[in-house]
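These notes concern the structure reproduced below.
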Ligand code: HEM
Ligand code: HEM
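Okay, structure coming up:
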């Protein structure tokens, strides 16, 4: 059996990146087509025919992304939590995923005329920040503090100890 490690193996990492990239892209394409490319229907502006397909792709990728996020729980997240590693960016990363899942759920099951003006914004504006958050998380995770032995060595080099110090006699000191 392979040893449990925080670092992801290459195929797991590729799958995670591909899943999150498609999730993000499908959301961004929905926003772009919704706001930038409405078409003129018989009764005024109507959604572009591709918009529904971006949402269908997005719903599919949302399920896949939650499964992928869950796949991080047994090793990546559990070990990093136990060893207190990279929590400063890991916990916000986890929080953002939970927020997107919760607001996505609300969008699917509670869409009303009253919340149509703000609920989608709570979801997709946070969603736009996902890649930025992930890049930050990975960069902070890769930054390793120097090992304790190297830190000790550096500290001792800075701490200069004078073996003896005989101050010269003061010039204007009166001789006995
Ligand atoms: C949805 C949540 C998360 C995602 C998508 C995620 C994703 C990633 C990815 C892709 C990497 C780069 C891995 C590599 O280069 O092998 C990484 C690194 C890391 N993450 Fe997370 N992570 C998440 C949550 C967390 C949490 C909650 C923690 C800590 C409590 C954490 C701790 C770390 C650490 C310590 C690294 C550096 C691993 C290393 O290079 O040895 N992650 N994360
Ligand atoms: C774990 C992450 C995510 C989950 C679980 C999730 C889930 C969902 C769900 C369930 C819906 C409702 C689908 C429907 O009404 O048929 C939705 C809509 C949407 N999502 Fe996400 N999503 C996530 C991340 C993102 C990201 C990263 C973006 C990027 C911008 C995004 C943008 C959107 C947009 C634009 C909509 C349509 C809003 C509307 O109908 O008014 N989502 N999402």
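In the working numbering, the protein residues as written are 1 to 176. Don't be surprised by glycine CBs; every beta carbon is placed ideally from N, CA and C.
Item, Value
"Residue 138 - containing alpha helix (DSSP H), residue span", "130-142"
"Contact test: residue 86 Cβ vs ligand 1 heavy atom, cutoff 7 angstroms", "yes"
"Cβ contact check for the segment 71-79 and the segment 36-53: 3 or more pairs under 8 angstroms", "no"
"Residues proximal to ligand 2 by C-beta, any heavy atom closer than 7 angstroms", "23, 24, 27, 28, 30, 31, 55, 58, 59, 62, 65, 66, 69, 97, 100, 101, 104, 105, 107, 108, 111, 120, 123, 124, 127, 128, 130"
"Exposure of residue 76, with buried meaning 16 or more beta-carbon neighbours within 10 Å", "buried"
"Expected contact under 8 angstroms - CB spacing of residue 19 and residue 64 to nearest Å", "5 angstroms"
"Unbroken beta strand (DSSP E) run spanning residue 38, endpoints", "That residue, residue 38, is in no beta strand (DSSP E); it is neither H nor E in DSSP."
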